[in-house]
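Trainee: For the protein sequence lines, the chains are C and F, in the order given.
Positions 1247 to 1518 (my numbering) are the ones given, in order, by the first sequence.
Positions 193 to 418 (my numbering) are the ones given, in order, by the second sequence.
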Amino acid sequence: MFGKFVRGVALGLALVSGSAAFADDNFIVVQSTTSTQNSGLLDAILPTFRDKTGIEVRVVAVGTGQAIKNAMNGDGDVLLVHAKPAEEKFVADGWGVERRDVMYNDFVLIGPEEDPAGVAGGKDIVAAFRQIAEANAPFASRGDDSGTHKAELRHWEEANVDVAAHSGAWYRETGSGMGATLNAAAGMDAYVLSDRATWIAFGNKSGMKILVEGDPKLFNQYGVILVNPEKHAHVKAAEGQSFIDWLTGEEGQAAIAGYKLDGQQLFFPNAQ
Amino acid sequence: MLLILSGDSELWAIVLLSLKVSLLAVVVAAAIGMPLGAALAVGRFPGRRLVVVLLNALMGLPPVVVGLLVYLMLSRSGPLGVLQLLYTPTAMIIAQVVLVTPIIAALTRQTVETLDAEYAEQLRSLGVSRLASVPTLVWDGRVALLTALLAGFGRAIAEVGAVIMVGGNINHVTRVMTTTIALETSKGNLALALALGAILIGIAVSVTGLVSLLAVREGQGEMRHA
């Protein structure tokens, strides 16, 4: 009875507000990560795809962990994230059809210009993390199970630092997106691991700069996966696949390479 | 700031969507909350005090929790998933209705109950039953009830936690003022975010001011009649 009522109200609302967004059914929902949105990449390349195919791509930008969970719930047609082990598990468990490489960039260690832990200019991320821990210098972590957070935790583990023991002291988990965490780091003069694209596009750099970069461990791969229609029958498989084919095809790859901010390329296409 | 204001059609679309979602939410919440509040004010049944306390407490519903609950309902894996409402403006309206209804219901209950205490004897002596007196009481308290609607609207238009979760902050589809401000802040565009915030406050103040102005006129008209 309650369901019927809600359905009635919902239908009424849909009729009342009846905008184009309701009528137009030719769209897919892409569960993606904040870096693809905050960097401006998707806003820049998606109109080309829409003009070509008539398919509108609706992007929900959350952390990789949440994006994967949303996709498992069936609340998306395509997953575009950056945590390869988690993506492969998603496919292995039957939630996704196939994982394809799309592009990469890299993570960089950002910190205050004063650099209290003295890590500037280093090429070894694990050594830098160890120095930060030894100096008890403030470090802002995403703390949200995102792709960047997972990458950061791998480095701590390799550095043999038990960050959980320092949580709330020098190790500060913001539990929010990349941009919000960069804002927090700026406010606390903290070190922070960021993907390069979000950092370049970030508007509130206030006294922070890149201190460590170029370690092969900082490689950041993005992958794309079609949500399995066998798990969720409503998945728009044809449209979703057409988006994946475009993104990993010649045109999409060229669009990714062509997206520049302040003259710098943010993502490097590497689909096979 | 001027640049933002001068004919940026995208910004106006966002402003319009904000208004549309929140105003519709208030209309639906009023349709549910006002009769509920009025009934609670004049009705007498066991456990009534408890319901009143509960309703007052629900005014403080945390938006993120409401967002999460509505997400779980509307998710394709949820009980109402077949309606395909997640990530649509309708989902945002539903979340705001859940947030606003208790506010309107509780404030309506308060207003009608106060008036009922004042006029009950008089109305009874005229042979009007408790239930039949409701329209009179509501009409008499209409200015105060308008404040209840405004309180609900203020809650709806300012809210971000629930709409970002069930709307998804999708560009051109479910992006409203508050989610845009959250997004620009996370991009580090603090000046732009602040300017958008000023516009949002401006809208909220304008709507409230306009309605209050109408209410004052109405109140003055009333006095002349009396």
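Think of the CB as a built atom: it goes at the ideal place given N, C-alpha and C, for glycine as much as any other residue.
Measuring only between beta-carbons, confirm whether F:Gly360 sits less than 8 Å from chain C.
Mentor: Counting from one through the second sequence, the residue named residue 360 of chain F turns up at place 168. So yes, F:Gly360 belongs to the interface.
Trainee: Would you mind listing the alpha helix (DSSP H) stretches within the region 1432-1505 of chain C that are 4+ residues and don't spill past its ends, in chain order?
Mentor: Complete alpha helix (DSSP H) runs here, min 4: 1442-1447, 1483-1494 and 1496-1504.
Trainee: Buried or exposed: which applies to C:Arg1388, given that a residue is buried once 16 or more other Cβ atoms fall within 10 Å of its Cβ?
Mentor: Counted from its first residue, the first sequence places residue 1388 of chain C at position 142. Burial call: buried.
Trainee: With a threshold of 8 Å between beta-carbons, can F:Ser214 be considered close to chain C, or not?
Mentor: Here the question's residue 214 of chain F lines up with position 22 in the second sequence. Not an interface residue.
Trainee: Quick one: which chain F residues come within Cβ less than 7 Å of C:Arg1304?
Mentor: Working through the first sequence from its first residue, we reach residue 1304 of chain C at position 58. Here the neighbours are Tyr279, Ile362 and Val365.
Trainee: Taking buried to mean at least 16 other C-beta atoms within 10 Å of its own C-beta, is C:Ala1386 buried or exposed?
Mentor: Taking the first sequence and counting its residues from 1, one reaches residue 1386 of chain C at position 140. Answer is buried; the Cβ neighbour count reaches 16.
Trainee: Counting only Cβ pairs nearer than 9 Å, list the residues of chain C close to F:Leu382.
Mentor: For the purposes of this step, residue 382 of chain F is identified with residue 190 of the second sequence, where counting begins at 1. The contacting residues are Asn1429, Gly1449 and Asn1450.
Trainee: Rounded to a whole number of angstroms, what is the C-alpha to C-alpha distance between C:Ala1308 and C:Gly1340?
Mentor: Numbered from its first residue, the first sequence carries residue 1308 of chain C at position 62. Numbered from its first residue, the first sequence carries residue 1340 of chain C at position 94. Sequence inspection shows Val at residue 1308 of chain C; the Ala mentioned does not correspond to that position. Cα to Cα, C:Val1308 sits roughly 22 Å from C:Gly1340.
Trainee: Is there contact here, the region 315-325 of chain F with the region 214-229 of chain F, by at least three beta-carbon pairs under 8 Å?
Mentor: The region 315-325 of chain F is not in contact with the region 214-229 of chain F.
Trainee: Between F:Thr371 and chain C, is there a C-beta pair that is closer than 8 Å?
Mentor: Locating residue 371 of chain F in the second sequence gives position 179, counting from the first residue. So no, F:Thr371 is outside the interface.
Trainee: Roughly how many angstroms lie between the CA atoms of C:Gly1460 and F:Thr371, to the nearest whole one?
Mentor: In the first sequence, the residue the question calls residue 1460 of chain C occupies position 214. In the second sequence, the residue the question calls residue 371 of chain F occupies position 179. Approximately 35 Å, taken between the alpha carbons.
Trainee: Quick check on DSSP: helix, strand or coil for C:Met1318?
Mentor: Residue 1318 of chain C sits at position 72 when you count from the first residue of the first sequence. C:Met1318 falls in the helix class under three-state DSSP.
Trainee: Does C:Ala1426 come within less than 8 Å of chain F when only Cβ atoms are used?
Mentor: Within the first sequence, numbered from 1, the residue matching residue 1426 of chain C stands at position 180. So, interface residue.
Trainee: Strictly under 8 Å for the Cβ-Cβ distance: is C:His1395 near chain F by that measure?
Mentor: Here the question's residue 1395 of chain C lines up with position 149 in the first sequence. No, C:His1395 lies away from the interface with chain F (no Cβ there is under 8 Å from its Cβ).
Trainee: Is the region 1355-1366 of chain C in contact with the region 1489-1508 of chain C, if contact means three or more CB pairs nearer than 8 Å?
Mentor: Output reads no: the region 1489-1508 of chain C does not touch the region 1355-1366 of chain C.
Trainee: Would you identify the three-state DSSP class for C:Gly1425, choosing helix, strand or coil?
Mentor: In the first sequence, residue 1425 of chain C corresponds to position 179, counting from 1. C:Gly1425: helix per DSSP, three-state reduction.
Trainee: Does DSSP put F:Tyr279 in a helix, a strand or coil?
Mentor: Locating residue 279 of chain F in the second sequence gives position 87, counting from the first residue. Here F:Tyr279 sits in coil by DSSP.
Trainee: Pick out whichever of C:Gln1510, C:His1478 and C:Gly1486 has its Cα sitting closest to the Cα of F:Gly273.
Mentor: To locate residue 273 of chain F, count along the second sequence from 1; it is residue 81. Comparing Cα positions, the closest option is C:His1478.
Trainee: I'd like to know whether the C-beta of F:Ser210 is nearer than 8 Å to at least one C-beta of chain C.
Mentor: What you label residue 210 of chain F is simply residue 18 of the second sequence in a count that begins at 1. Chain C contact via Cβ: absent.
Trainee: Give me the Cα-Cα distance between F:Leu375 and F:Thr280, rounded to the nearest whole angstrom.
Mentor: Here residue 375 of chain F corresponds to residue number 183 of the second sequence, with the count starting at 1. Here residue 280 of chain F corresponds to residue number 88 of the second sequence, with the count starting at 1. Between F:Leu375 and F:Thr280, the C-alpha separation is close to 18 Å.
Trainee: Is C:Gly1389 close to chain F, meaning its C-beta is less than 8 Å from at least one C-beta of that chain?
Mentor: The residue given as residue 1389 of chain C occupies position 143 in the first sequence. No, its Cβ sits nowhere closer than 8 Å to a Cβ of chain F.
Trainee: Give me the Cα-Cα distance between F:Met415 and F:Arg409, rounded to the nearest whole angstrom.
Mentor: The count along the second sequence starts at 1 and reaches residue 415 of chain F at position 223. The count along the second sequence starts at 1 and reaches residue 409 of chain F at position 217. Note that F:Met415 scores 49 on pLDDT, short of 50, meaning its location in the model is unreliable; the coordinates nonetheless yield the value given after this. Straight-line Cα distance between these residues: approximately 10 Å.
Trainee: Quick one: what's got a C-beta closer than 7 Å to C:Ile1590's C-beta in the same chain, skipping five residues either side?
Mentor: This structure cannot settle anything about residue 1590 of chain C, because the visible part of chain C is limited to 1247 through 1518.
Trainee: Which ranges does the alpha helix (DSSP H) cover as unbroken runs of at least 4 residues, wholly within the region 272-319 of chain F, from first to last along the chain?
Mentor: Listed in chain order, they are 281-317.
Trainee: Quick one: what does DSSP say C:Ile1519 is sitting in, helix, strand or coil?
Mentor: Chain C is shown only over 1247 to 1518; residue 1519 of chain C falls outside these bounds and no answer can be derived.
Trainee: What do you get for C:Ser1392, buried or exposed, if any count of 16 or more other CB atoms within 10 angstroms of its CB means buried?
Mentor: To locate residue 1392 of chain C, count along the first sequence from 1; it is residue 146. It counts as buried.
Trainee: Got a sec, what are the start and stop residues for the beta strand (DSSP E) C:Gly1357 sits in?
Mentor: One-based indexing of the first sequence puts residue 1357 of chain C at position 111. That run of the beta strand (DSSP E) goes Gly1342 to Pro1358.
Trainee: Can you pull the chain F neighbours of C:Gly1423, defined as C-beta to C-beta under 8 Å?
Mentor: As a first step, residue 1423 of chain C must be located in the first sequence, where it is residue number 177. What C:Gly1423 touches in chain F: Ser378.
Trainee: Return the chain-ordered list of same chain residues with a C-beta closer than 6 Å to the C-beta of C:Met1318, the five sequence neighbours on each side being excluded.
Mentor: Here the question's residue 1318 of chain C lines up with position 72 in the first sequence. Taken in chain order, the residues that qualify are Trp1341.
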